[in-house]
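Top to bottom, those sequences are chains A, B, C, D, E and F. Residue 321, in my numbering, is where the first sequence stops; the numbers in between run on with no holes. Residue 321, in my numbering, is where the second sequence stops; the numbers in between run on with no holes. Residue 321, in my numbering, is where the third sequence stops; the numbers in between run on with no holes. Residue 321, in my numbering, is where the fourth sequence stops; the numbers in between run on with no holes. Residue 321, in my numbering, is where the fifth sequence stops; the numbers in between run on with no holes. Residue 321, in my numbering, is where the sixth sequence stops; the numbers in between run on with no holes. Heads up, the beta-carbon is just placed ideally off N, CA and C, and yes, glycines get one too. Before any comments, here is the structure.
6 protein chains.
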Amino acid sequence: MTLKLGLPKGSLEHATVDLFRRAGFLITVAERSYFPAIDDPDIECMMVRAQEMARYIEDGALDCGLTGHDWVVEGEAHVHTVSDLVYAKQSFGTVRWVLAVPNDSDIQSVKDLEGKRIATEGVGIVERWLERNGVKAEVEFSWGATEVKVPDFVDAIVDITETGSSLRANNLKIVETLMESYTKFFCSKDAWEDAWKKQKLEKIALLLKAALDADGKVLLKLNVEASNLEKVKDLLPALHSPTVNPLTDDGWYAIETVVDESVVREIIPDLKANGAEGIIEISLNKVVA
Amino acid sequence: MTLKLGLPKGSLEHATVDLFRRAGFLITVAERSYFPAIDDPDIECMMVRAQEMARYIEDGALDCGLTGHDWVVEGEAHVHTVSDLVYAKQSFGTVRWVLAVPNDSDIQSVKDLEGKRIATEGVGIVERWLERNGVKAEVEFSWGATEVKVPDFVDAIVDITETGSSLRANNLKIVETLMESYTKFFCSKDAWEDAWKKQKLEKIALLLKAALDADGKVLLKLNVEASNLEKVKDLLPALHSPTVNPLTDDGWYAIETVVDESVVREIIPDLKANGAEGIIEISLNKVVA
Amino acid sequence: MTLKLGLPKGSLEHATVDLFRRAGFLITVAERSYFPAIDDPDIECMMVRAQEMARYIEDGALDCGLTGHDWVVEGEAHVHTVSDLVYAKQSFGTVRWVLAVPNDSDIQSVKDLEGKRIATEGVGIVERWLERNGVKAEVEFSWGATEVKVPDFVDAIVDITETGSSLRANNLKIVETLMESYTKFFCSKDAWEDAWKKQKLEKIALLLKAALDADGKVLLKLNVEASNLEKVKDLLPALHSPTVNPLTDDGWYAIETVVDESVVREIIPDLKANGAEGIIEISLNKVVA
Amino acid sequence: MTLKLGLPKGSLEHATVDLFRRAGFLITVAERSYFPAIDDPDIECMMVRAQEMARYIEDGALDCGLTGHDWVVEGEAHVHTVSDLVYAKQSFGTVRWVLAVPNDSDIQSVKDLEGKRIATEGVGIVERWLERNGVKAEVEFSWGATEVKVPDFVDAIVDITETGSSLRANNLKIVETLMESYTKFFCSKDAWEDAWKKQKLEKIALLLKAALDADGKVLLKLNVEASNLEKVKDLLPALHSPTVNPLTDDGWYAIETVVDESVVREIIPDLKANGAEGIIEISLNKVVA
Amino acid sequence: MTLKLGLPKGSLEHATVDLFRRAGFLITVAERSYFPAIDDPDIECMMVRAQEMARYIEDGALDCGLTGHDWVVEGEAHVHTVSDLVYAKQSFGTVRWVLAVPNDSDIQSVKDLEGKRIATEGVGIVERWLERNGVKAEVEFSWGATEVKVPDFVDAIVDITETGSSLRANNLKIVETLMESYTKFFCSKDAWEDAWKKQKLEKIALLLKAALDADGKVLLKLNVEASNLEKVKDLLPALHSPTVNPLTDDGWYAIETVVDESVVREIIPDLKANGAEGIIEISLNKVVA
Amino acid sequence: MTLKLGLPKGSLEHATVDLFRRAGFLITVAERSYFPAIDDPDIECMMVRAQEMARYIEDGALDCGLTGHDWVVEGEAHVHTVSDLVYAKQSFGTVRWVLAVPNDSDIQSVKDLEGKRIATEGVGIVERWLERNGVKAEVEFSWGATEVKVPDFVDAIVDITETGSSLRANNLKIVETLMESYTKFFCSKDAWEDAWKKQKLEKIALLLKAALDADGKVLLKLNVEASNLEKVKDLLPALHSPTVNPLTDDGWYAIETVVDESVVREIIPDLKANGAEGIIEISLNKVVA
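Here's what the structure looks like:
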């Protein structure tokens, strides 16, 4: 029994290998090879373009893989979502598919596209969106660098953007958002119905999530006297209840808690002001709530 | 009047800019910009994917551009060829579109593709080729890394190759060659009929060719006495007749000739053995025969 | 309300950005920009030369900033010291301003400078020092590479040095030390009297200090039987009292303590020799005593 | 009293400096200098070729050093082994000295070497091995690149190999293994008999081992209810008994344990399935069992 | 007799060494050394900051050096100009000293500076300029990054600019130009009056100029029949008369001429159209008209 | 028939490949391979350590190769010298074998070595030299970094040096020079007696020499009036007589001559002062006198 796992070739490649490493799987990518080694004999890896991943999972050529939700929609692929992989501070952020036109264009909504020419990497997404809106337009496939094609070659583009800065740099404005997308861990319907594969998929998903969760979190440890215990506990984020332990020193307690790295700079001064001592912050590799 | 010139984005980008520099045009590519500057006010440059170049020349969005003959065929574009750009020792070598299958596949010719599944970056080229051969097969578009898709995802691929080494490294064999292709300098039908643009196009083509021709050639200069003159002239390649000039020293002649760099190491020992003196070799920037 | 923060441009730039990152503030320095972004909306950053920092804090153009004590002295600036930033294992080490002369020079002390010519980057520091010593000499400003100017251009130099190696490499010897200096976090008198700014300054100072303190410290954890408890506790540095906790296993205690990284290699062998088991060492991000 | 420590120059240099850093000693290697600085005033470092290390330890020019067991054997040096330094996941892996011949050679064992010519970097090792086997052959010293010398220059080689891949790449096959070797920490007989030096050597060995041991291990922390306590403890590796602590929350326990990094991905899913909560994983710098 | 030559340390360093190399002098700059070696025993080199060069030439510590005209003016140094070093396609372009103010400032000319505060690297240049204009203002020395000091620290700046892009990027506008400057080869009055040094200085200047002149020029060679000789000669730039030589082949002439590289792409097509054959272009190292 | 050519592995590798390229042979060195490809089917290349080259040429395992004269002496190899390869401006410069001792050593000549210990990479050279001088001393082989071994390990060293700077940096002084050495092109006695190999060796030597000769030479071209012709000719180096040609312009002559690059800077000023015009300098690839 082996699980065939597709990894996205290209811009997410490094981030994916790094995520698996933190989850406990060592993936070794030999230069120019599309078949990386992984230190789990139950898994066989293959590098596949994000755009084509869902097609080959649906076919059963792959059991599972990581790719964007958008490319599943583009290919209308019938696949099962094992888990989302979107978190703050990650390379796996959210992207948007947007309709963009020159700053001085008259196009203000999808309705104004009637009879126009549109370039995009996702012809299916755009054609179905136009159909839902009752608009007829010419949609052409773009091999890349879509944002420089307006206004010389086409009237509008539908492009993928994270911050919009590349569009602005080309003097384009965003008119509409067609969809949002982020990376997910997908598998085929068949793999999900196979007991061994389902269990393996759930284990991998749990470990990927544990590594992603650890990325923005740290362990805070501190000591506090009984009289300050409640004040200090109140300052800690409510989400995860802290571990509290009496010390042998009379009337002192040791507190440990996992907190978001982003709140540490806010709460440390308050903790100290309220009697906490011996505050230390430690990095984490994995967190399972 | 300006001439809109498309330059191929991607693997040929550096070689193209370098060729224009040697031809006498300084192209400056700002990072992340698709509109390089050129030091000729009559020309406006734009970076365009090789696959899309012919489409936009045919449309008239560009007047001219450099791209492979294959992509013109794929898009069935109606464009005019100004000149070929294929020479020894160049990055602009010849590529082949080939049908490749696993080493142990039963497919031995196009006829065996009936009912099979084929991945390729040139769906149009393959579909018309199958039709000419009376074969029905499923052709799917590949976003890249086509060579790793057999046999897991498809039965055969049609891929672009120069030496075949990447195919062999993936345990594939070449069954048929669909077409050969190399880089050409194309323009639109309209540009070719415009007198000003036609003259400009011919000038650019002449200079590009002069730079390419100089690449594998050197100037040889030598002195020889009258008695050895004919023997020495016979040793020089027949193609380009040498310039012979009497010197003021009685009975001596100075000879100059442009020769292929690759023959120099063969003829210099022979020239010296036959009485040539003061042999020197000089590099060339441009050669116009 | 915003706090205007000056960061030192140049050799300390990277170390400063790194220190703030460990303290919890993400500073992003765009290439060629002097206005880095910081992920705290209450703060505005600006890159300023260390030599000029105090001048602009005194003026009120900046509320606060990091720079060397020496440049405050050179400019005789009236600013408030929020905190020192000098610690072992830091880029923010101590430097010395020294009088250096050629190895074979007759100058043996400040008294021998009478009538001589001296090059330095700190004209004010040197002139006041000469005056205090009742010596008259010509002091000239040096734009850098001061150490190569003796003996061809001047008789002596006053230069900044950490280890003296650059001086020795130029065959110079150190005759006197004018002052020692290290990096401090300064603010203007006005900022210190503004309640909101003062509280903000103290929070930043606390977090910078927590990150610096963590740099040379680690968490040691170990288990010990009751009979060895006192011996082991005596081996731990007295400064920070350890956390001691009885385990469910009869008669064993778990001990945790933060210690200087530099003593670990001394005490681990002793701890083991005195019955400590399961000793582990963990890195720390921040420490607040 | 100082301890003179030899560090191996060359391929193990970086790994050695890194190991000492993790053990608590900062070694600074100035470019082109053979005398690195170390932040322990009791130790003086020197870079020495691995091949020459044992010679200079035996001489007393060095008190101790790291080098391969093989080079001690080659030089028949009388030195004392303080400790082995071979661990999984380390640069300090095991190598073999092997007899290698061309794939098509008739040589099948040491007996077939009678009258042949052998190249090697370890002439002493090979000559004594031949003598023990009663074989007479010509052994010549090789300056390196030994594997390319057969069959043109010699009949066989004795070479050092880790995986054999370089031999295979040169169409050689391994016929016999003369010895295995790995890196050890050696000292002179005199140093081992000096009380102060012996204690110092043992301390260094303990710290090097603590750093090597930490390399493949992590700290797992988790909380569990009383009813699940035994099940969860059974899932943890038996080797190191975990630290168990009751929490103030009724009926909950905190568990901490050091485990091999390689088993984490197996046990985390099981721990969670059996009621463990708040599982976190933390990196370790040193481990002393 | 030796000539002491100052070379500008910093941004022009590489361009200067390269210029001397093309002129025939090999300068070797050892890392961290300020005394480059030169392969002419009559010359001793020293790296000196551009700002300080004129001071040390005036003093006689150096005989000559390359620096900007502006720094001579700033220091009011009495030195002799051996030659200008400004040419197209060179790193030694022209810079301007300009008065720059924020885009929204009211300052429209030097007259509006009355009572204002100005930062600059050239305090002398600015103070004398204000005095000539009868304006009183506070001028302060800037250590660099002058353009970021307005409007927070000063009202206006006088800065050095080539294209103005850095000023525009900081939202500044140029109000007045104080002076233009470019690199010159200077010597001391004494050196110029010493016969041996004067001759040496003139030789160096001639060779530097020959190398600079060659930079934008190439040698064109071509053959032409008698009937086309005059037409072809008319196409060649009038400035340098071409070398014309009859060949042994009846009625053919060989023409050689040095032309600006920038016109080659214009005249080659015309030359060919008018009967020129065997056109070749060759690079030049030095040109002395 | 093939010629087996040995190329020196190590510090001369790049310079050797570059020399062959300029001579007209393209050598391609694959990473980690000792058998470079060459674009001449008559030649087979192999990388061999300089120290071992002569041994294998003498054996006949190689027909020919490039190595230092010193290593031939060290091994007392009987080989034939095809040609020297030492020229100004080359990587193939002269080195010296020297006796070096600490600056404060009492050793002042070979006589003082009696009973001392010497480390060297050339044991044979040193032992024979001592014998010739009637001195008995202990000579030990050094694997490298010889210069750091005195005075701690040995009393003196014999080391290879070009400029002596590495010795000086280690506080050593040179006491005696044992021999000078430079790179030569050697062949075996047998190869020199084989007619086909001898002719091939002579051709290669001719082309290597042509490329080396071109390295320090340039082509000077200039025009001069009849009245100045003799004066100008007298200024040109006597070695190579210049080519003189009357121009169609009455009374003018064109002169061409190959000169050493190092004299150009001397003669250009004189040529111009004596009426030469249109002086240009051109680089050369090969020169055969």
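Grouping DSSP H, G and I as helix and E and B as strand, with all else coil, what is residue i?
i: B:A308; result: coil
i: C:K253; result: strand
i: E:G97; result: strand
i: E:F52; result: helix
i: F:G154; result: coil
i: C:L204; result: strand
i: A:K168; result: coil
i: A:I300; result: helix
For residue i, which residues does DSSP report across the bridge?
i: E:E26; result: Here chain E covers residues 33 to 321 and nothing more, so residue 26 of chain E does not appear.
i: F:S332; result: The requested residue 332 of chain F is not part of the displayed model; chain F covers only 33 to 321.
i: D:M79; result: D:L39
i: E:K134; result: Position check: residue 134 of chain E holds Pro in this sequence, whereas Lys was assumed. Its beta-bridge partners are E:L204.
i: D:S174; result: According to DSSP, D:S174 bridges with nothing at all.
i: F:T209; result: F:V130
Considering Cα atoms alone, identify which of the options is closest to residue i.
i: B:H268; options: B:A237, B:A227, B:L244 and B:I300; result: Here residue 268 of chain B turns out to be Leu, not His, going by the sequence shown. Of the listed residues, the one whose Cα sits closest to B:L268 is B:I300.
i: A:N260; options: A:G307, A:T152, A:V291 and A:L233; result: A:G307
i: A:G248; options: A:P73, A:K263 and A:V118; result: A:V118
i: C:S294; options: D:E309, D:F57, D:M33 and D:A286; result: D:F57
i: C:E208; options: C:V290, C:A305, C:P183 and C:G196; result: C:G196
i: A:V80; options: A:A286, A:Y66, A:V155 and A:R297; result: A:Y66
i: F:A132; options: F:W284, F:L210 and F:A305; result: F:L210
i: C:V105; options: C:S115, C:A82 and C:A93; result: C:A82
i: C:V186; options: E:N277, E:P73 and E:R87; result: E:R87
Here's the rule I'm using: 16 or more other beta-carbon atoms within 10 Å means buried, otherwise exposed. How should residue i be labelled?
i: B:H101; result: buried
i: E:K168; result: exposed
i: C:P40; result: buried
i: C:N317; result: buried
i: D:R164; result: exposed
i: A:D282; result: exposed
i: E:E313; result: buried
i: E:A120; result: In this predicted model, E:A120 has a pLDDT of only 48, less than 50, meaning its place in the structure is not dependable; the value taken from the coordinates is given anyway. It counts as exposed.
i: F:F173; result: exposed
i: F:T275; result: buried
Interface residues of the stretch 171 to 187 of chain B facing chain A [CB-CB below 7 Å]:
Those residues of the stretch 171 to 187 of chain B placed with their C-beta closer than 7 Å to a C-beta in chain A are W175, G176, A177, V180, D184 and F185, ordered along the chain.
Scan the stretch 79 to 106 of chain F for residues whose Cβ lies nearer than 9 Å to a Cβ of chain D and list them as they occur along the chain.
In summary, the residues of the stretch 79 to 106 of chain F whose CB is separated from some CB of chain D by less than 9 Å are M79, V80, R81, Q83, E84, R87, Y88, D91, A93 and L94, in the order they occur in the chain.
Taking any Cβ of chain B, which residues in the stretch 33 to 52 of chain A have a Cβ under 7 Å from it, in chain order?
Within the stretch 33 to 52 of chain A, the qualifying residues are K41.
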